[in-house]
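Below is one structure, written out as structure tokens, with a few remarks after it.
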Amino acid sequence: AQSVTQLDSQVPVFEEAPVELRCNYSSSVSVYLFWYVQYPNQGLQLLLKYLSGSTLVESINGFEAEFNKSQTSFHLRKPSVHISDTAEYFCAVMDTGRRALTFGSGTRLQVQP
Amino acid sequence: GAGVSQSPSNKVTEKGKDVELRCDPISGHTALYWYRQSLGQGLEFLIYFQGNSAPDKSGLPSDRFSAERTGGSVSTLTIQRTQQEDSAVYLCASRPDSYEQYFGPGTRLTVT
């Protein structure tokens, strides 16, 4: 069975400060890892994914995540956040069979001016 | 192009009534998923359809829940004899022959 742990339910941060949202997973097989973002009153959008290859993956809006197999982590980082980054962020692991997603409980990022 | 659409966007129903939630996936996507997002349980997988294969129903919480996918396209999630704990946002996602799932806006179900 797979599981995902997001230890921080809320992360308040000031605009232009760096942020890290933590994600740890457990799986007995090879994993595919994802970060999804949910802006207020909107659906889930894919932010970035790790399937294979380089362990550092980046999104188009400045987020990056690093797959660390030894620590079973896939933390999300951004060096300088904007007000518009305020949203809920979900880490997810995908099983290789049916390719269904198992989500973490989510982290609410609150960017303050 | 058009994304995944779901209807209705909001549904309020009385306890004990049946409800049907609809999902229109992206054209050409072979896989379709239903998830549920609730305060107590977070985001949970419910059911998975792949082409013409039998659906994977392993995530359905009770036999009051069922789903079908007609013609490999539109899907309907049916909840019979709704209970208050069924209140949640029901999300549909579709996937082409790759790893990325595209989510719809969801249906917010409130059982009173």
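Chains A and B, in that order, are what the protein sequence lines are.
If you're matching positions, the first sequence starts at 1 in the numbering used here and goes up one per residue.
If you're matching positions, the second sequence starts at 114 in the numbering used here and goes up one per residue.
All residues carry an ideal CB built from backbone N, CA and C; glycine is no exception.
Exercise for the section: State the Cα-Cα distance for the pair K124 of chain B and Q71 of chain A, rounded to the nearest angstrom. Expected result: Translated into the one-based positions of the second sequence, residue 124 of chain B becomes position 11. Translated into the one-based positions of the first sequence, residue 71 of chain A becomes position 71. The alpha-carbon atoms of K124 of chain B and Q71 of chain A are separated by roughly 43 Å.
Handout entry: Closest residue to G164 of chain B among B:S188, B:K130 and B:T126 (Cα-Cα distance)
Key = Counting from one through the second sequence, the residue named residue 164 of chain B turns up at place 51. Residue B:S188 is the option with its Cα nearest to G164 of chain B.
Exercise for the section: In the DSSP assignment, find the unbroken beta strand (DSSP E) run with Q196 of chain B in it and report its ends. Expected result: Within the second sequence, residue 196 of chain B is the residue found at index 83, counting from 1. Q196 of chain B -> no beta strand (DSSP E), and no H or E assigned at all.
Handout entry: Limits of the beta strand (DSSP E) - the one that L47 of chain A falls within
Key = Residue mapping note: residue 47 of chain A aligns to position 47 of the first sequence, counting from 1. L44 to Y50 is the extent of the beta strand (DSSP E) around L47 of chain A.
Problem - C-beta neighbour in chain A for A144 of chain B, strict 8 Å - result: Residue 144 of chain B sits at position 31 when you count from the first residue of the second sequence. Output row for A144 of chain B: interface = yes.
Exercise for the section: For the region 48-69 of chain A, enumerate the residues whose C-beta is nearer than 8 Å to any C-beta of chain B, in chain order. Expected result: K49 and L51
Practice task
Report the partner residues of R108 of chain A according to the DSSP bridge assignment.
Solution key: On the first sequence, position 108 is the one that residue 108 of chain A refers to. According to DSSP, which records beta bridges pairwise, R108 of chain A is partnered with A:Q10 and A:E88.
Practice task
Kindly list, in the order they appear in chain C, the residues whose Cβ is closer than 9 Å to that of L152 of chain B.
Solution key: The chain labelled as chain C is not found among the protein chains of the depicted structure, namely A and B.
Exercise for the section: On a CA-only basis, which of B:S186, B:R194 and B:T225 is nearest D176 of chain B? Give me that one, please. Expected result: Translated into the one-based positions of the second sequence, residue 176 of chain B becomes position 63. Measuring from the Cα of D176 of chain B, the nearest candidate turns out to be B:R194.
Practice task
Reducing DSSP to helix, strand and coil, say where G155 of chain B ends up.
Solution key: Here residue 155 of chain B refers to the residue found at position 42 of the second sequence. Three-state result, G155 of chain B: strand.
Handout entry: Within-8 Å CB hit, L156 of chain B to chain A
Key = As a first step, residue 156 of chain B must be located in the second sequence, where it is residue number 43. By this cut-off, L156 of chain B is an interface position.
Practice task
Identify the continuous beta strand (DSSP E) that holds Q38 of chain A and give its terminal residues.
Solution key: If you number the first sequence from 1, residue 38 of chain A lands on position 38. Y32 to Q38 is the extent of the beta strand (DSSP E) around Q38 of chain A.
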